[in-house]
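> First the structure, then my questions, so here it is.
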Amino acid sequence: MRVAILCSSPYSETGCAVAARLAQLGNVPVGALTLPSWDRGTLLRKVGQWGLRDSLQYAVAKLSPGKSTIQKQIRNPYLASALRHGDGIFRSVTEVARAYKFLVATCSDQNSPRAVAQLKQWSPDLAIFTGGNILRDQVLKVPRLGILNAHLALLPEIRGMSSPEWSLLCGVPLGITIHFMDSGVDTGPILLRREFAGADGCDSLADLRNKMIAEGIELIAEAVAGLDRGTVSAVPQADREKDRQFFVMHEHLKAVATHRLQKGQLNLVGGRCDGSGGANG
Amino acid sequence: MSSPESRSSRNFMTTKTVRVLTEAAGLLRAPQRILPLFSKLASDELRTTFEHRHLYSNVASTIPTADALRSVVDWIFRAQRPDGGIAAYYSLLTGYSESYPEVTGYIIPTLYDFGRLTGDLAARHAAYLATDWLLSLQMPSGAFPGGLHASDGGPDNNARPSVFNTGQILQGLVRAHTEMEAKTRNAKILKSAVAAGNWLAAIQQADGSWTGPAAYQGTAHTYYSMVSWALARLAAESGDPRHAAAADRNIDWVLAHAQPSGWIDGINLRGHPAYLHFIAYVIQGTLECGILRRRDDAIQAAAKAAWVLLRKFETHKRLLGTYEPDFRGGQRFACLTGNAQMSCIWLRLFEVTGDLRYLNAALKMNEMLKQLLPTKGRRGVVGGVAGSYPIWGVYQPMRFISWGCKFLADALMLEQRLTREFETKFETKFITKSEASGCA
Chain A
1 MRVAILCSSP YSETGCAVAA RLAQLGNVPV GALTLPSWDR GTLLRKVGQW
51 GLRDSLQYAV AKLSPGKSTI QKQIRNPYLA SALRHGDGIF RSVTEVARAY
101 KFLVATCSDQ NSPRAVAQLK QWSPDLAIFT GGNILRDQVL KVPRLGILNA
151 HLALLPEIRG MSSPEWSLLC GVPLGITIHF MDSGVDTGPI LLRREFAGAD
201 GCDSLADLRN KMIAEGIELI AEAVAGLDRG TVSAVPQADR EKDRQFFVMH
251 EHLKAVATHR LQKGQLNLVG GRCDGSGGAN G
Chain B
282 MSSPESRSSR NFMTTKTVRV LTEAAGLLRA PQRILPLFSK LASDELRTTF
332 EHRHLYSNVA STIPTADALR SVVDWIFRAQ RPDGGIAAYY SLLTGYSESY
382 PEVTGYIIPT LYDFGRLTGD LAARHAAYLA TDWLLSLQMP SGAFPGGLHA
432 SDGGPDNNAR PSVFNTGQIL QGLVRAHTEM EAKTRNAKIL KSAVAAGNWL
482 AAIQQADGSW TGPAAYQGTA HTYYSMVSWA LARLAAESGD PRHAAAADRN
532 IDWVLAHAQP SGWIDGINLR GHPAYLHFIA YVIQGTLECG ILRRRDDAIQ
582 AAAKAAWVLL RKFETHKRLL GTYEPDFRGG QRFACLTGNA QMSCIWLRLF
632 EVTGDLRYLN AALKMNEMLK QLLPTKGRRG VVGGVAGSYP IWGVYQPMRF
682 ISWGCKFLAD ALMLEQRLTR EFETKFETKF ITKSEASGCA
């Protein structure tokens, strides 16, 4: 199976971990297509998501690790096993590529003709999206089977952003869905859909998200292996027309979601999320 | 011979030119306004140059809602004129305008809400003065006049009755009636409100619209759903079925203009684009009237339009200042009043439907609006809501407008109430899924 990786930055931990994990399992990617290290959109997004201090710490840890411990060089501690390499860790996709001998290409936009041409040159059977731009049809059509995404919620119930947080507020079980991407937001056919049982002991939403990302990478590896063996197949989503898209959660609601997580109130119905409150009648 | 359309277009251009010249002359009369004007122009230029919207814009609270609310309501207090009416605006060129009956009317519920929330007696007193002033303006027919009030305070013999102003003043009168404890005064207010409602019902067209000389530009508008809302409120107080029927008839007419895209046609403003303010009027009037009259069709139509705008706001982190029919592109400035109205609409839809996405969007919208409130400057600037952002945008340029402050205050108070209720409910009353299915 020829697999390509799409990353939001060469220093994306998730991108590194996916590439490394697949390689560890014997499925070395044919290439990784990444946005530049200093992509303005990605930087702004990260500062908005993590705050300025955490973003700076991340940048320093990745660009200039110095004598800091391995723990300090990894933002998501649950990715440590995938990122560990000899005595150190993989800090960038380029380092993973060097170790496992695959190519890395940088593009300013994953939908650009240059990016599409690069992907076509690799002629992948499958691509895995770990971050970047909203993908358009011209990219989605390149890999023979499609592009996979690990969505941190059960589909079709919770689509879009802040999905673990919305799951908590809406009383939808926490879960991860591996699906093919299409032109909608998280509306593509589903390969694997699994409830997440690891929320116990998570003291923050960031911790929960980190755990889910690590679990998502394992599920991606499982999906790739399943596709390779022909043991899994994609199922189109029900209620595709229903508007179940969620958006980035305001910190006020996040505080409520955190409270639920810490109290272990994972199955309480908080608010509606069936799309009927909007324009769907 | 020129056609009526070209005459009307010429008149519009003449009015606009006269307005621009008058405003510019205001700056010559009061040169001390030059510095604040340039300061505001510079700060908006800087802000628009360096601001970068991204997925996580406005998700964090930087200004306490209670502080922002206090600052906006203080602006309204300062805009109250000696006659008791509230000025329409503070212009960076000409200063405060005269009192504006329409806005004075619908600011009354805002003042009472603020008084209830904070125990501030000054807010109740301001509402009292505003009501007194409005009562003095009522025409023998029951109607209220349109436009700004004459500056000399005397009777305006050229005043013409206005459907929209009467509707918005009716909002204030009905609320003042419910708040008033003195029986004599209370009866006077209710009598005035009923007279206004009777006049509105009497001149309504058979199809439910209002047109003719008392309608703006002589034509029917779907944003008069705001009048239906006032009539529905009056009906709840007066118990008169004619008021309820008039509200229902108008909403039927408005709903006949709803398009499959969610857009509700029929704003019908000649010479103006469809500002977000008017689009939000249509939605808000339809929604609130629908809630009061228990009309699911109206609530659904309002929700459909509001949802389209929510998606646009969440995707682009802003709403345009104007939209073309079917919510197609418009002008890129922000109509801050329309934004505050959309926040009110989303918050009410959250209250009605329980869909948390409405609450989430409103929290972010309020965050954005709070950040745009001036914290220093002249008395007409601090805590004011500009007509446009940047201030030179085409909706009420160079002005801080009282109705913008009204809708932002409403949005912030709704936010406070609903978030408090949500948290309380969350702690104590939320039921588990299994309990819910057991009940079923």
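So the protein sequences, as listed, match chains A and B.
Those letters in the first sequence? Residues 1 to 281, by my numbering.
Those letters in the second sequence? Residues 282 to 721, by my numbering.
Glycine included, each C-beta is placed from N, C-alpha and C at the ideal position.
Report the residues of the region 605-624 of chain B with a CB closer than 9 Å to any CB of chain A, ordered along the chain.
none
> Do F90/A and A150/A have their C-beta atoms within less than 7 Å of each other?
Not in contact: F90/A and A150/A (Cβ atoms no closer than 7 Å).
> Within 7 Å of any Cβ in chain B, is that where the Cβ of G277/A sits?
Caution applies to G277/A, whose pLDDT of 45 falls short of 50 and renders its modelled position unreliable; the value that the coordinates give is listed next. Chain B contact via Cβ: present.
> Use the C-beta contact count for E326/B: other C-beta atoms within 10 angstroms, 16 or more gives buried, fewer gives exposed.
That one is exposed.
> Would you call the CB atoms of T177/A and C7/A closer than 7 Å?
C7/A is positioned such that its CB atom lies no closer than 7 Å to that of T177/A.
> What alpha helix (DSSP H) runs, 4 residues minimum, are completely inside the region 610-697 of chain B?
Entirely contained in the region 610-697 of chain B, the alpha helix (DSSP H) runs reaching 4 residues are, in chain order, 617-634 and 637-652.
> According to the neighbour-count rule (16 or more other Cβ atoms, all chains shown, within 10 Å of its Cβ), is Q652/B buried or exposed?
Around the beta carbon of Q652/B, a 10 Å sphere encloses fewer than 16 other beta carbons of the protein chains shown; the residue is thus reported as exposed.
> On the criterion of 16 or more Cβ atoms from any shown chain inside 10 Å, does S380/B qualify as buried, or is it exposed?
buried
> Does the structure place the region 499-506 of chain B close enough to the region 471-483 of chain B that three or more beta carbon pairs sit under 8 Å?
no
> Quick check: the Cα distance between R194/A and R209/A, rounded to an integer number of angstroms?
15 Å
> Please report the straight-line C-alpha distance between M282/B and A615/B, rounded to a whole angstrom.
Any reading at M282/B needs caution, since the residue's pLDDT is 45, under 50, leaving its predicted position unreliable; the model's value is listed next. If you take the alpha carbons of M282/B and A615/B, they lie about 40 Å apart.
> Would I156/A and Q237/A be called neighbours here (beta carbons separated by less than 7 Å)?
In the sequence as displayed, the identity of residue 156/A is Pro instead of Ile. A contact, by the Cβ cut-off of 7 Å.
> Below 8 Å between beta carbons is the criterion; list the residues of the region 636-658 of chain B that meet it against any residue of chain A, in chain order.
D636, L637, R638, Y639, L640, N641, A642, L644, K645 and E648
> What's the gap between the Cα of Q73/A and the Cα of V93/A?
15 Å
> Return the first residue and the last residue of the beta strand (DSSP E) that I158/A is part of.
That residue, I158/A, is in no beta strand (DSSP E); it is neither H nor E in DSSP.
> Under a Cβ-count criterion, where at least 16 other Cβ atoms within 10 Å of its own Cβ denotes burial, should L579/B be classed as buried or exposed?
For the record, residue 579/B in the displayed sequence is Ala; it is not Leu. So A579/B counts as buried.
> Determine, using beta-carbon pairs with one atom in the region 401-413 of chain B and one in the region 360-369 of chain B, whether at least three such pairs fall under 8 Å.
With the cut-off at 8 Å, the region 401-413 of chain B and the region 360-369 of chain B touch.
> Using a Cβ cut-off of 8 Å, pull out every chain B residue sitting near L154/A, in sequence order please.
Going along chain B, no residue has its Cβ under 8 Å from L154/A, so there is no contact; the nearest lies around 14 Å.
> Between the alpha carbons of N280/A and T295/B, how many angstroms are there, rounded?
Its pLDDT being 37, under 50, N280/A is placed unreliably in this model, and the value from its coordinates should be taken loosely. Approximately 46 Å, taken between the alpha carbons.
> What does a CB cutoff of less than 8 Å around L628/B pick up in its chain, not counting 5 residues either side in sequence?
Y639, L640, A643, A692, L695, E696 and L699
> Within 10 Å of its beta-carbon, does M81/A have 16 or more other beta-carbons around it, so buried, or fewer, so exposed?
Here residue 81/A turns out to be Ser, not Met, going by the sequence shown. Looking at its Cβ environment, which holds fewer than 16 other Cβ atoms inside 10 Å, S81/A is exposed.
> For R466/B and N479/B, what's the separation of their Cα atoms in angstroms?
20 Å
> In chain order, what residues of the same chain have a beta carbon less than 8 Å from the beta carbon of A4/A, not counting five sequence neighbours either side?
P29, V30, G31, A32, L33, L119, W122, P124, L126, A127, I128 and P143
> Could you tell me which uninterrupted beta strand (DSSP E) segments, each at least 3 residues in length, are contained entirely in the region 93-164 of chain A, listed from first to last along the chain?
103-106, 126-129 and 146-151
> Let me know the secondary structure DSSP gives Y381/B once reduced to three states.
Reduced to three states, the DSSP call for Y381/B is coil.
> Using a 10 Å radius around the Cβ and a threshold of 16 neighbouring Cβ atoms, would you call Q138/A buried or exposed?
exposed
> Count the other C-beta atoms from every protein chain shown that fall within 10 angstroms of the C-beta of H333/B, then say buried if there are 16 or more, exposed otherwise.
That one is exposed.
> My assumption, with CB atoms under 8 Å, is that A667/B sits in contact with F688/B. Please give the rounded CB distance.
13 Å between Cβ atoms; not a contact.
> Between the Cα of E251/A and the Cα atoms of L308/B, I389/B, G448/B and I344/B, which residue gives the shortest distance?
Nearest of L308/B, I389/B, G448/B and I344/B to E251/A, Cα basis: I344/B.
> Taking 7 Å as the threshold (beta carbon to beta carbon), is L336/B in contact with chain A?
yes
> Which residues, taken in chain order from the region 140-164 of chain A, show a beta carbon closer than 8 Å to some beta carbon of chain B?
M161
> Measure the C-alpha to C-alpha separation of F358/B and P317/B and round it to an integer number of angstroms.
21 Å
> Can you give me the C-alpha to C-alpha distance between Y11/A and W38/A, rounded to a whole angstrom?
Distance between the alpha carbons of Y11/A and W38/A: 10 Å.
> Would A579/B pass as an interface residue toward chain A - the criterion being a Cβ-Cβ separation below 7 Å?
no
> In whole angstroms, what is the alpha-carbon distance linking S9/A and A197/A?
30 Å
> Quick check on R551/B: buried or exposed, where buried means 16 or more other Cβ atoms within 10 Å of its Cβ?
Exposed, by the Cβ-count rule.
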